[in-house]
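Below is one structure, written out as structure tokens, with a few remarks after it.
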Amino acid sequence: MFIQSLSCIFLLALGIASHTQAQEQPLKIGITEVPPFVMQANDGRWEGISIDLWEDVAAGWSGSLNGFP
């Protein structure tokens, strides 16, 4: 019983630590220009259906979002 309790505590601590570490790092998204999902505007910004969806994901998440072409 003691070993099971200790294992549960260890797994819980490991889960909390990995969750905290994941929030500190930006979410990296690879993008490829495929209209209307991903397009590059004249000013260099990325826009489109997929970009809007990823921005919605980032808005509900405490981390940051980086897009890479």
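If you use my numbering, the sequence shown corresponds to residues 40 to 108, in order.
All C-beta atoms, glycine included, are put in the ideal place defined by N, C-alpha and C.
Asked                                                                                                                                                      : Found
Residue 107 and residue 69: beta carbons closer than 8 Å?                                                                                                  : yes
What's the call for residue 90, buried or exposed, on a 16-neighbour Cβ count within 10 Å?                                                                 : buried
Looking only at its own chain, which residues have a Cβ that is under 7 Å from the Cβ of residue 86, when we skip the five neighbours before and after it? : 78 and 80
For residue 80, which three-state DSSP category applies?                                                                                                   : coil
Ignore the nearest five residues each way along the sequence and tell me which others in residue 93's own chain have a CB closer than 7 Å to its CB.       : 68 and 104
Assuming residue 88 is part of the alpha helix (DSSP H), what are its boundary residues?                                                                   : 88-98
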